[in-house]
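The structure appears right after this line, and notes come after that.
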Amino acid sequence: MLAQDGLILFDYFKLKCDGSEYVENDDIFNDFTSVGAWTKSSSSKGKTSGPVMINMDGKRLFYADYIGSEKGNAMQISYLNQANSITTNIKRGSSLCFTDKPLSYSNAVYSAFLLDLSNHPNTTEEQEIFDYHKSGGISRGRVFMKFSSAEESRNVVFGIKYNNESISNWSTPVSVSSPTLLVVKFTKNLLNDSFELFVNPTPNHAEENQTENFKVSGGKEDLRFVSFYMENKRIMKIGSIRIAKTFIDAVSSISLGAVHPTENSMIVRAYNNSLYFERPFEGIVSIYSLGGTILQESKLEHEKSVRCFLGSGIFLVRTISSNNVINTYKIYFDN
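In terms of our numbering, the sequence shown is residues 3 to 337.
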């Protein structure tokens, strides 16, 4: 199995039982030689967090259209387990190295994961979930959550800070009854690094079309690790982790293997810089390169064609109708 061109690595925590011990089931892919293994961090987080468990109850974390949805297991973070010193073969530390060399300027890394807070105790205290960090413990792009109310609400809000500053912009409240999809972007810039948090984005839509996102920036650090924070009283599951070079590679299910139009699909044709449908279409039309990079996205209202200037070649076309019927086509454009 090969990863997408823009995918650095992923981990769905697929473990298999080898005798009496659970071992990795070869689900991590990366394009470096010395990264990809979960270890105890050399930072203070790793030293104080202790071991975590991989939840094996068979319940998959679901998020519509996310490529990692309902795959594998989840990392279990629970202060109850840590307080009782529960140990298990199914455990890891909190830190993952995603590169063995500094990022080049203008390059970006996107870390996507599903977060289940359904059993988390209510608290209005800000609690850190995720960060990028360097060897030695300097953390940047720190993601926090808190409950809207400590008494009745089971809604949480998310925010991001560069380092230790206050968070001024929190997300729209999100119910913990379903897993939340978080994507954290790290961009290496010439002057100041930047970080952007996407809360429950719409997979397969362009990055620039996402509406719930928050951006911070600061100095420059050689950040090569991601970490999930495990201190304080928290109970959560984290699964379907994907780290990629583009937003679409981190979250999208677009791939050649997904080209399976249904029997009721709209037959599309492409010529003269336009995409044509056999009957009026209402919904969203997205066009991707074969590598999964989104090139164009249009919203149609009972129209039979859409203009597109892509040149000649083979592209992926994904349609989402107004009643949420999804089809993907491989189309040759002869423009």
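Think of the CB as a built atom: it goes at the ideal place given N, C-alpha and C, for glycine as much as any other residue.
Opposite residue i in the DSSP bridges: which residues?
i, result
"Ser113", "Val186, Ile245"
"His304", "Partner(s): none; His304 has no beta bridge."
"Thr159", "For the sequence presented, residue 159 should be read as Val rather than Thr. Per DSSP, Lys148."
"Lys332", "Leu318"
"Cys310", "Answer is none; Cys310 lacks a bridge partner."
"Phe230", "Phe132"
"Val178", "Paired residues: none, contrary to the question."
"Ile169", "None; Ile169 has no bridge partner."
"Lys73", "Partner(s): none; Lys73 has no beta bridge."
"Ser288", "Glu299, Arg320"
"Ser80", "Ile237"
For residue i, tell me which candidate among the options has the shortest Cα-Cα distance.
i, options, result
"Ser307", "Ser276, Leu116, Ser155", "Ser276"
"Phe294", "Leu117, Ile316, Cys310, Phe279", "With the sequence shown as reference, residue 294 is identified as Gly, and Phe is not the correct amino acid for it. When each option's Cα is compared against that of Gly294, the closest is Ile316."
"Glu127", "Tyr164, Glu305, Arg236", "Arg236"
"Phe64", "Thr213, Gln298, Tyr134, Leu117", "Leu117"
"Val145", "Lys301, Ala114, His207, Ile289", "Ala114"
"Pro175", "Lys187, Ser150, Ala272", "Ser150"
"Leu11", "Ala246, Tyr331, Ser254, Ser323", "Ala246"
"Val319", "Asn206, Tyr231, Ala76, Lys217", "Asn206"
"Leu312", "Asn325, Leu302, Gln298", "Gln298"
"Glu344", "Val178, Ser170, Phe249, Phe216", "The structure shown does not extend to residue 344, since the chain spans only 3 to 337, so no value can be given for it."
"Asn202", "Leu225, Val178, Thr189", "Val178"
"Ala272", "Cys99, Ser173, Cys310", "Cys310"
"Arg226", "Ser291, Ser168, Ser106, Ser180", "Ser106"
"Ser180", "Ile328, Leu302, Arg62", "Arg62"
"Gly138", "Cys99, Asn124, Lys332", "Cys99"
"Glu284", "Asn274, Leu292, Lys301", "Lys301"
"Arg156", "Ile333, Tyr278, Asn124, Ile328", "Asn124"
"Leu9", "Tyr334, Asp251, Asn326", "Asp251"
"Ile322", "Ser80, Ser168, Thr204", "Thr204"
Grouping DSSP H, G and I as helix and E and B as strand, with all else coil, what is residue i?
i, result
"Asn211", "helix"
"Ala66", "coil"
"Asp195", "coil"
"Val327", "coil"
"Val253", "helix"
"Phe216", "strand"
"Ile140", "coil"
"Ile10", "strand"
"Pro203", "coil"
"Thr35", "A caution first: Thr35 carries a pLDDT of 30, below 50, which makes its placement in the model unreliable, though a value can still be read off. It is coil, neither helix nor strand."
"Lys239", "strand"
"Glu223", "coil"
"Pro282", "strand"
"Ile92", "Residue placement at Ile92 is flagged as unreliable, the pLDDT there being 39, under the threshold of 50; the coordinate-derived value follows with that caveat. Coil, per DSSP."
"Phe15", "coil"
"Pro123", "coil"
Do the CB positions of residue i and residue j come within less than 8 Å of each other?
i, j, result
"Asn194", "Gly220", "yes"
"Val158", "Leu119", "yes"
"Ser288", "Gly74", "no"
"Gly143", "Val185", "no"
"Gln129", "Lys103", "no"
"Ser229", "Ser97", "yes"
"Ser254", "Ile140", "no"
"Val218", "Lys163", "yes"
"His122", "Met238", "yes"
"Phe132", "Tyr14", "no"
"Asn215", "Glu198", "yes"
The ligand ATP heavy atoms versus the CB of residue i: any closer than 7 Å?
i, result
"Asn166", "No copy of the ligand ATP occurs in the structure displayed, which carries no ligand at all."
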